[in-house]
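Novice: Residue numbers (our numbering): 2 to 691. Ideal Cβ placement from N, Cα and C applies to all residues, glycine included. Okay, handing you the structure first.
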Amino acid sequence: MKTVMSGLDLRAIAKELSQIVGSHCKKCYQPHYEQVVLRLRAKAGGNTDLVLVRGKRIYTSQRDRPMPQYPAPFAMVLRKVLTNARLKAVEQIGFDRVLRFIFENSHGVFHLYVEVFRDGNIILTDGDDMIIQPLTHATYADRILKKGVKYSPPPAAQDPYKLDFDSFSELMKSSDKSLGRTLGGVLNLGGGISGAICAETGNDADAEISSVDLSKIWESLQSMLHGNWKGYLFSGKDGYEQAWPMVLTTLQNQEYKEYETMCEAVDEWLGPHDAHALARREAEALDVAAPGRGHSTDVERLERRLAQQERALEGFGAKVEKQQEIGHLIQNNWTHVEQLLEQVNNAVESMSWEGVKGAVKEIEWIQSVNAADRNFIAFLPNEDGKPDKQVTLYLDDSVHQNAQRYFQAGRKQKDKSSGAIKALEDTKLELERARKKQAKREASGQVAKVKRAKRLWFENHKWTMLPSGHLMVGGKDAKGNDSIVKKHLSLGDRYLHADMHGAPSCSLRNNQGFVADLHPPAHIGDDMPAFRLVDKIDVEIDDNTTELAATMALAWSRAWNGGGAHGTVYWVKPGQVSKSAETGEYVGKGAFVIRGKRTWYKDIDLRLGVGLVAINGIPLLLASTEDHISSICNRYIIIAPGREKKEGIANKIYKSTGLAVDDILPILPGNCEIIDDMGLINFKKSDSDD
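Quick look at the structure:
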């Protein structure tokens with residue numbers, strides 16, 4: 002399967018991306034450590050995502066993709082520099098697998114380099130190519146990629162576009178490799194293109210260059226380099242396997258599908274995988290077998306620690322064996338080592354260290370010398386008498402002393418491993434206790450105790466999930482009302498407000514919402530419905546959803562504690578909500594002016610359900626309409642306005658579920674009467690089993 006783009010693929014992609022030159026960068030995201038997405042807005046309107054998967058591919062997409070609520074550090078740097086910057090050009094560096102995106106804004110010119118080879122990288126630089134920030138810091142033999150260093154592309158490979166027939170012929174004839182290897186390696190075409198050229202010209206890839214007609218090879222090469230490119234997906238046994246900008250001769254008998262562009266083909270093939278990058282990142286962070294960070298229980302945290310300690314202990318054992326093996330090899334090759342020590346010592350005395358450094362290049366048994374530490378790296382012979390194992394030998398030590406250095410290093414590793422074994426046993430005991438404690442909690446109906454660094458963003462407001470999956474948030478106070486309208490009310494959303502003074506401003510989000518979590522963490526039981534917050538759901542807001550949202554908007558207002566059983570709510574579009582008052586009037590903090598037609602919902606019944614759910618792997622209480630909660634939750638209560646203080650009800654829920662009181666109180670709208678309890682407070686084991 003071909004999942005990494007070739008130089009020719011990138012040439013085709015760069016040509017296609019010239020169509021979006023002039024677009025402005027509106028947002029930068031990093032849904033996964035390997036992927037960066039630039040959201041571009043064209044002059045004619047409409048957004049296009051530029052998807053950059055380091056080391057693998059570059060393409061554009063208009064596919065819906067969830068994005069993280071909080072940008073990663075690299076995405077923050079990109080936003081700071083590139084937001085509202087105009088894309089001026091897209092260039093390929095020679096014929097290498099590197100594309101340069103040139104942006105310009107009021108602060109100057111900036112370059113974004115995307116390297117599509119090996120592990121890949123994405124590097125942001127200024128107009129002079131000084132690195133502002135790389136996605137990953139890296140050091141190579143001939144270049145360094147880190148902040149403050151001038152960016153250097155990888156050493157340039159052959160660019161077939163710069164060859165004429167004479168230079169092409171000379172290059173081919175000077176090669177001592179086969180036809181296929183010369184085209185693929187020396188000409189930098191890769192295996193796919195070189196194989197296709199050989200097949201098209203009727204030559205075997207292993208043929209000697211002297212036996213082929215180079216003019217035919219040249220014609221075939223030119224037709225590929227300057228062809229009318231589109232996008233083609235080639236199928237294999239398990240679906241699509243390759244994407245190319247043309248139909249290669251070697252693939253013409255395979256089933257394939259044609260697209261107008263290479264970007265479309267890549268998006269059709271790998272777009273769904275890349276669009277779920279955020280879900281993969283969150284799953285990796287919450288994976289109990291991985292040392293990743295995320296919301297986790299004590300059991301999961303200790304399981305990760307145990308896995309790390311077991312891996313570390315395996316590493317200690319391997320190091321001990323390696324050190325002891327080298328020590329024994331030095332002893333077993335006593336004469337060989339003694340001769341090397343004597344020869345290098347004599348050479349240092351006669352020609353100094355500088356002379357020795359040059360001389361050892363011709364000696365196959367010595368790799369390098371170190372004057373500062375007075376040692377050298379040598380090879381020990383294998384059974385055939387050829388250089389094999391590498392060993393560091395010290396000139397001032399005898400053969401025995403050099404061997405003892407390795408034995409001593411092995412003993413130190415062994416001492417470290419004894420401490421690691423003790424720590425491992427302690428972790429096993431802790432894990433056993435934590436598992437018993439968690440089992441006891443589960444038997445009593447309490448949910449897993451999840452440690453998390455911060456709340457989900459919507460928990461700072463009143464919030465709910467509607468049956469359609471849409472998210473609605475409302476302000477807790479005047480400051481919260483301002484925040485809802487300024488930050489969380491967008492085109493397509495609906496603004497709801499109960500018809501009474503002091504009611505919260507509510508935003509029914511058109512795009513943001515919840516979807517079923519098909520792979521919840523292990524600490525979320527089968528009896529708890531699991532959801533994930535996403536930035537794009539497939540369902541549009543309709544009048545039925547808005548009417549149900551109106552129930553929540555009324556419940557969040559003073560109507561709940563006001564003694565009335567019914568109330569009225571209206572909704573308007575975002576453009577009708579304004580902070581601008583009429584002349585002579587004043588709009589206070591948390592208040593807004595509503596202009597234009599309102600849609601009213603009257604005689605709304607104040608009756609809610611409160612149930613136990615998991616959002617992004619975190620057990621939470623959800624308050625929503627009675628029918629919605631009873632349809633999705635196994636453990637829930639039905640409440641109506643009443644006389645029992647909400648603090649008392651919160652305490653009962655805490656004792657039954659183990660959720661923090663601070664997480665329960667904001668969900669309850671006020672003093673309540675419990676109409677029905679389906680195991681949320683009075684839990685019985687059979688409630689969840691059923």
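If you draw a straight line from the C-alpha of K413 to the C-alpha of H274, how long is it?
Specialist: Cα to Cα, K413 sits roughly 47 angstroms from H274.
Novice: Which of helix, strand or coil does DSSP assign to K438?
Specialist: Here K438 sits in helix by DSSP.
Novice: Using a 10 Å radius around the Cβ and a threshold of 16 neighbouring Cβ atoms, would you call A290 buried or exposed?
Specialist: Any answer about A290 is weak, because its pLDDT of 35 lies below 50 and its placement is not dependable; what the coordinates show is given next. Exposed, since its Cβ has fewer than 16 Cβ neighbours within 10 Å.
Novice: Figure out for me which residue from Q159, I94 and A76 has the closest Cα to the Cα of Q134.
Specialist: Closest option to Q134, Cα to Cα, is A76.
Novice: Does the region 456-464 come close enough to the region 326-338 that 3 or more CB-CB pairs lie under 8 angstroms?
Specialist: Touching, no.
Novice: I'd like to check one pair, H112 with D97: are the Cβ atoms closer than 9 angstroms?
Specialist: Taking 9 angstroms as the Cβ cut-off, D97 and H112 do not qualify as a contacting pair.
Novice: For T393, which beta-bridge partners are listed by DSSP?
Specialist: Answer by DSSP bridge pairing, in chain order: I378.
Novice: Under DSSP, the beta strand (DSSP E) around L497 begins and ends at which residues?
Specialist: Per DSSP, L497 belongs to the beta strand (DSSP E) from R495 to A499.
Novice: Quick check: what's the CA-CA separation for S236 versus T262?
Specialist: Cα-Cα distance, rounded: 17 angstroms.
Novice: Going straight from the alpha carbon of L190 to that of L222, what length do you get?
Specialist: Cα to Cα, L190 sits roughly 10 angstroms from L222.
Novice: What do you get for L11, buried or exposed, if any count of 16 or more other CB atoms within 10 angstroms of its CB means buried?
Specialist: That one is buried.
Novice: Quick one: complete alpha helix (DSSP H) runs, 4+ long, within the region 5-40?
Specialist: The region 5-40 contains these whole alpha helix (DSSP H) runs: 8-18.
Novice: Might you give, ordered along the chain, the residues of its own chain that have their beta carbon closer than 8 angstroms to the beta carbon of I619, omitting 5 neighbours on each side?
Specialist: For I619, where only same-chain residues beyond five positions count, the Cβ hits under 8 angstroms are H296, V451, R453 and L457.
Novice: Compute the Euclidean distance between the alpha carbons of N511 and I538, then round it to the nearest angstrom.
Specialist: When rounded, the distance between both Cα atoms is 8 angstroms.
Novice: Measuring CA to CA, which of P468, D606 and D604 is closest to T546?
Specialist: When each option's Cα is compared against that of T546, the closest is P468.
Novice: Could you spell out where the alpha helix (DSSP H) holding S399 opens and where it closes?
Specialist: Unbroken run through S399: none, as it is neither H nor E.
Novice: From what residue to what residue does the beta strand (DSSP E) around A531 run?
Specialist: Taken as a continuous stretch (DSSP letters only), the beta strand (DSSP E) holding A531 covers A531 to V535.
Novice: Determine the extent of the alpha helix (DSSP H) in which S632 is found, giving its start and end residues.
Specialist: E627 to I633 is the span of the alpha helix (DSSP H), which, as asked, contains S632.
Novice: My understanding is that I676 touches A641, with C-beta atoms under 8 angstroms, so please give their C-beta distance in whole angstroms.
Specialist: Sure, about 6 angstroms apart at Cβ, within 8 angstroms.
Novice: Would F684 be called buried (16 or more neighbouring beta carbons within 10 Å of its own) or exposed?
Specialist: Flag for F684 reads buried.
Novice: Under the rule that 16 or more other beta-carbon atoms within 10 Å means buried, what is I630, buried or exposed?
Specialist: I630 is buried by the Cβ-count criterion.
Novice: So, using beta-carbon positions, are E92 and C264 closer together than 9 angstroms?
Specialist: Not in contact: E92 and C264 (Cβ atoms no closer than 9 angstroms).
Novice: Measuring only the C-alpha atoms, how far is D288 from A278?
Specialist: For D288, the predicted structure reports a pLDDT of 44, less than 50, and the residue's modelled location is therefore unreliable. A value from the coordinates is still provided. Approximately 15 angstroms, taken between the alpha carbons.
Novice: Taking buried to mean at least 16 other C-beta atoms within 10 Å of its own C-beta, is L9 buried or exposed?
Specialist: Under this definition L9 is a buried residue.
Novice: State buried or exposed for A319, treating a residue as buried only when at least 16 other CB atoms are found within 10 Å of its CB.
Specialist: It is exposed - the Cβ of A319 has fewer than 16 other Cβ atoms within 10 Å.
Novice: Report the option in V54, S632 and A45 whose CA atom is closest to the CA atom of L39.
Specialist: If we check each option's Cα against that of L39, V54 comes out closest.
Novice: Are three or more beta carbon pairs between the region 99-118 and the region 54-68 nearer than 8 angstroms?
Specialist: Yes, the region 99-118 touches the region 54-68.
Novice: Taking a contact to mean a Cβ-Cβ separation below 9 angstroms, would you say N482 touches G568 in this structure?
Specialist: Contact: no.
Novice: So, helix, strand or coil for K590, using DSSP?
Specialist: In the structure shown, K590 sits in coil (DSSP, three-state: anything other than H, G, I, E or B).
Novice: Grouping DSSP H, G and I as helix and E and B as strand, with all else coil, what is Q134?
Specialist: Of the three classes helix, strand and coil, the one that applies to Q134 here is strand, per DSSP.
Novice: Given that a residue counts as buried once 16 or more other Cβ atoms are within 10 Å of its Cβ, and exposed if not, what is M352?
Specialist: Its Cβ having fewer than 16 others within 10 Å, M352 is exposed.
Novice: Alpha carbons only, please: which of L303, D165 and M173 is nearest the one belonging to Q439?
Specialist: Checking every option, the nearest Cα to that of Q439 belongs to L303.
Novice: Grab me the residues of S170's own chain with a C-beta within less than 6 angstroms of its C-beta, minus the 5 sequence neighbours each way, in chain order.
Specialist: Once the five neighbours on either side are set aside, the close Cβ partners of S170 are L215.
Novice: Any idea if T336 is buried or exposed, counting beta-carbon neighbours within 10 angstroms, 16 or more meaning buried?
Specialist: T336 is exposed by the Cβ-count criterion.
Novice: Give me the DSSP bridge partner(s) of E674.
Specialist: Paired residues: A641.
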